[in-house]
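Trainee: Here's a structure for you.
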Amino acid sequence: MEQTRKFVLDPGHNTGHQQFDFNPSEWVPFRDKKEINRVSAIKREDMEKHPNPDFRIKVIPDADVAHYWITDMFRRIKHSSDTGERLVMILPNPARLYRHLARLINACNIDCRNIYAFAMDEYADENGNIAPEEWELGFTHAMMKYFYYAIDEKLRPDKKQFVGFTNKNVRDYSKMIADAGGADICYSGPGWTGHLAFIEPDAPEFQGSLEDWKQMGARICTLSPFTLAQNSLHGVFGKSGNLAAVPPKAATIGPADVINAKHRFDTHSITVHGTTTAWQRFTTRLVLHGPVTPLVPESILQTLRTDVYVSETIAQNIETDWNKEY
Numbered sequence: 002m003e004q005t006r007k008f009v010l011d012p013g014h015n016t017g018h019q020q021f022d023f024n025p026s027e028w029v030p031f032r033d034k035k036e037i038n039r040v041s042a043i044k045r046e047d048m049e050k051h052p053n054p055d056f057r058i059k060v061i062p063d064a065d066v067a068h069y070w071i072t073d074m075f076r077r078i079k080h081s082s083d084t085g086e087r088l089v090m091i092l093p094n095p096a097r098l099y100r101h102l103a104r105l106i107n108a109c110n111i112d113c114r115n116i117y118a119f120a121m122d123e124y125a126d127e128n129g130n131i132a133p134e135e136w137e138l139g140f141t142h143a144m145m146k147y148f149y150y151a152i153d154e155k156l157r158p159d160k161k162q163f164v165g166f167t168n169k170n171v172r173d174y175s176k177m178i179a180d181a182g183g184a185d186i187c188y189s190g191p192g193w194t195g196h197l198a199f200i201e202p203d204a205p206e207f208q209g210s211l212e213d214w215k216q217m218g219a220r221i222c223t224l225s226p227f228t229l230a231q232n233s234l235h236g237v238f239g240k241s242g243n244l245a246a247v248p249p250k251a252a253t254i255g256p257a258d259v260i261n262a263k264h265r266f267d268t269h270s271i272t273v274h275g276t277t278t279a280w281q282r283f284t285t286r287l288v289l290h291g292p293v294t295p296l297v298p299e300s301i302l303q304t305l306r307t308d309v310y311v312s313e314t315i316a317q318n319i320e321t322d323w324n325k326e327y
């Protein structure tokens with residue numbers, strides 16, 4: 002998977018600019034400059050175009066992204082309540098918006114007894130010990146606080162049906178999802194590295210050919226330095242760039258769990274706290290329109306039945322902005 006193409010910096014994509022040749026840093030997982038330049042040049046009006054008709058991309062107003070997500074979850078939960086059918090979901094965290102979903106469930110008196118929810122990832126220490134549910138900065142804690150415990154007690158499923166990673170279950174996590182009937186829906190959104198959950202392109206635990214990689218299930222993996230930087234800006238870690246505040250490893254679902262899900266729902270709307278600055282603007286183009294490769298883990302969605310929602314801010318053209326500077 003080694004790439005050796007020269008990097009040519011031409012921020013404005015104008016052939017008249019003086020060019021400066023250099024190789025991308027070895028820290029960058031995906032370094033194919035030809036593809037990087039191609040996807041960087043994708044315009045807003047072309048964002049929704051894709052050759053796979055089952056990979057449906059829709060650009061929507063920023064404020065609508067969360068509502069599309071809540072609507073999809075509520076629709077599935079209500080269907081489960083009305084029909085008695087089991088609903089198995091893989092959920093990203095932390096997401097305080099789950100409390101809005103719980104409010105709708107409570108207001109409409111929706112019976113959630115047939116819901117099975119699996120957290121898609123959780124932090125771990127340098128020795129692979131997984132953060133407990135009680136850790137207030139953890140993903141499982143957030144899922145339980147803002148979703149499970151926000152549902153009226155009489156409407157909640159058995160607590161055992163809301164599952165997070167633990168030291169005891171990590172080796173069997175993929176089997177647990179399969180034994181529950183397989184995920185009906187996997188919700189996701191790309192990280193800076195193009196990771197899905199914490200399936201990192203540069204983690205030694207996820208190295209292999211594309212075909213081998215697609216068969217990999219849940220495991221502990223090493224977080225990318227770029228993920229440490231991204232997550233150091235999360236509110237729970239003080240949103241101040243403290244790299245040491247973010248745990249070095251994580252438990253995560255694997256590519257096989259995403260592929261085996263019956264459907265996928267992917268959102269792209271992360272900015273730097275409501276500004277037009279967004280590392281996701283480029284990552285989104287690489288994930289949705291670049292090559293399918295373990296070097297860009299979320300790219301596997303291009304081959305699968307997936308609904309993708311991209312905010313207008315993320316869909317903006319990538320252009321040089323000298324007014325912004327730092």
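Residues 2 to 327 in this note's numbering are what the sequence shown spells out, letter by letter.
Glycine included, C-beta positions come from ideal geometry on N, C-alpha and C.
Predicted, not measured: the structure shown is a model, and the values here were computed from it.
1. Within a Cβ cutoff of 8 Å, which residues of the same chain sit near V293, ignoring the five residues on either side of it in sequence?
2. Jot down the residue ranges of each uninterrupted beta strand (DSSP E) in the region 91 to 132, minimum 3 residues, whole runs only, in chain order.
3. Could you please give the first and the last residue of the uninterrupted beta strand (DSSP E) stretch that includes F21?
4. So, T167 versus I131, is the Cβ gap smaller than 9 Å?
5. Is it the case that the region 261 to 273 contacts the region 309 to 318, given that we only count it when at least three CB pairs across the two stretches are under 8 Å?
6. Would M177 be called buried (16 or more neighbouring beta carbons within 10 Å of its own) or exposed?
7. Look at the alpha carbon of D308 and the alpha carbon of R57, and state the distance between them as a whole number of angstroms.
8. Assuming V66 is part of the alpha helix (DSSP H), what are its boundary residues?
9. Are S175 and G242 close, meaning C-beta to C-beta below 9 Å?
10. To the nearest angstrom, how far is it from the Cα of A120 to the Cα of D22?
11. Would you mind giving the Cβ-Cβ distance between S225 and D203, rounded to the nearest angstrom? I have them listed as a contact below 8 Å.
12. Report buried or exposed for K7, applying the criterion of at least 16 other Cβ atoms within 10 angstroms of its Cβ.
13. Would G275 be called buried (16 or more neighbouring beta carbons within 10 Å of its own) or exposed?
14. Who are the Cβ neighbours of N53 in its own chain at under 8 Å, not counting the five residues just before and after it?
15. Among the candidates K160, V89, L98, whose CA atom is the shortest distance from the CA of V66?
16. Quick test of your reading: R77 and L88, contact by CB under 8 Å. State the CB separation rounded to the nearest angstrom.
17. Between which residues of its own chain and T16 is the CB-CB distance below 7 Å, once the five residues before and five after are set aside?
18. Find the nearest neighbour of G165 within the set N128, P95, C113, judged by alpha-carbon distance.
19. Closest by CA to K250, which one among L102, N232, K59, V297?
20. Just to check my reading of the structure: H1 and V40 have Cβ atoms closer than 8 Å, yes? What is that Cβ distance to the nearest angstrom?
21. Excluding the five sequence neighbours on either side, which residues of its own chain have a C-beta within less than 7 Å of the C-beta of D112, listed in chain order?
22. One question on the structure: do E36 and L287 come within less than 9 Å of each other, judged by their Cβ atoms?
23. Does the beta-carbon distance from I91 to I221 come in below 9 Å?
24. Am I right that L184 and A262 are in contact with their C-beta atoms under 8 Å? What's the rounded C-beta distance?
25. May I have the straight-line CA-CA distance separating W70 from V29, to the nearest angstrom?
26. Could you tell me which whole alpha helix (DSSP H) segments of length 4 or greater appear in the region 253 to 307?
Mentor: On the basis of the data shown:
1. Mapped onto the sequence shown, residue 293 falls at position 292. Correct list, in chain order: L211, S300, I301, Q303, T304.
2. Whole beta strand (DSSP E) segments, 3+ residues: 116 to 120, 122 to 125.
3. Indexing the sequence shown from 1 puts residue 21 at position 20. Where F21 is concerned, the enclosing beta strand (DSSP E) starts and stops at 21 to 23.
4. For the purposes of this step, residue 167 is taken as the residue at position 166 of the sequence shown. For the purposes of this step, residue 131 is taken as the residue at position 130 of the sequence shown. Yes.
5. Yes, they touch.
6. Counted from its first residue, the sequence shown places residue 177 at position 176. Around the beta carbon of M177, fewer than 16 other beta carbons sit within 10 angstroms, so the residue counts as exposed.
7. Working through the sequence shown from its first residue, we reach residue 308 at position 307. Working through the sequence shown from its first residue, we reach residue 57 at position 56. Near 5 Å, if we compare the C-alpha coordinates of R57 and D308.
8. Taking the first residue of the sequence shown as 1, we reach residue 66 at position 65. Element bounds for V66: 66 to 84.
9. Against the sequence shown, residue 175 aligns to sequence position 174. Against the sequence shown, residue 242 aligns to sequence position 241. No, these two residues do not count as a Cβ contact at 9 Å.
10. Within the sequence shown, the letter at position 119 stands for residue 120. Within the sequence shown, the letter at position 21 stands for residue 22. Between the alpha carbons of A120 and D22 lies a gap of roughly 43 Å.
11. As a position in the sequence shown, residue 225 is number 224, starting the count at 1. As a position in the sequence shown, residue 203 is number 202, starting the count at 1. Between the beta-carbon of S225 and that of D203 there is about 5 Å, and that keeps the pair under the 8 Å contact cut.
12. In the sequence shown, residue 7 corresponds to position 6, counting from 1. With a pLDDT of only 43 at K7, under 50, the local geometry of the prediction cannot be trusted, and the value read off the model is given with reservation. Within a 10 Å sphere around the beta-carbon of K7 sit fewer than 16 other beta-carbons, which makes this residue exposed.
13. Taking the first residue of the sequence shown as position 1, residue 275 is located at position 274. By the 10 Å Cβ count, G275 comes out exposed.
14. Within the sequence shown, numbered from 1, the residue matching residue 53 stands at position 52. Taken in chain order, the residues that qualify are Q303, T304.
15. Counting from 1 along the sequence shown, the entry for residue 66 is found at position 65. For the residues K160, V89, L98, the minimum Cα distance to V66 belongs to L98.
16. The sequence position of residue 77 within the sequence shown is 76, counting from 1. The sequence position of residue 88 within the sequence shown is 87, counting from 1. Correct: roughly 6 Å between the Cβ atoms.
17. For the purposes of this step, residue 16 is taken as residue 15 along the sequence shown, with counting starting at 1. Summary for T16: the model assigns pLDDT 49, below 50, so the residue's position carries little reliability; its value from the coordinates is reported in the next sentence. There are no such residues.
18. The count along the sequence shown starts at 1 and reaches residue 165 at position 164. Of the listed residues, the one whose Cα sits closest to G165 is P95.
19. In the sequence shown, residue 250 corresponds to position 249, counting from 1. Closest option to K250, Cα to Cα, is N232.
20. The displayed coordinates of the chain run from 2 to 327. Any statement about residue 1 would go beyond what the structure contains.
21. Position 111 of the sequence shown, counted from the first residue, corresponds to residue 112. So the qualifying residues of the chain are S82, L156.
22. For the purposes of this step, residue 36 is identified with residue 35 of the sequence shown, where counting begins at 1. For the purposes of this step, residue 287 is identified with residue 286 of the sequence shown, where counting begins at 1. Cβ distance < 9 Å, so E36 and L287 count as in contact.
23. Here the question's residue 91 lines up with position 90 in the sequence shown. Here the question's residue 221 lines up with position 220 in the sequence shown. Cβ distance not < 9 Å, so I91 and I221 don't count as in contact.
24. Numbered from its first residue, the sequence shown carries residue 184 at position 183. Numbered from its first residue, the sequence shown carries residue 262 at position 261. First, the residue type needs correcting, since residue 184 is Ala and not Leu in the sequence shown. Contact annotation, A184 with A262: C-beta distance approximately 4 Å; criterion of less than 8 Å satisfied.
25. As a position in the sequence shown, residue 70 is number 69, starting the count at 1. As a position in the sequence shown, residue 29 is number 28, starting the count at 1. Rounded to the nearest angstrom, the gap between the Cα atoms of W70 and V29 is 31 Å.
26. Within the region 253 to 307, the complete alpha helix (DSSP H) runs of at least 4 residues are 256 to 261, 281 to 290.
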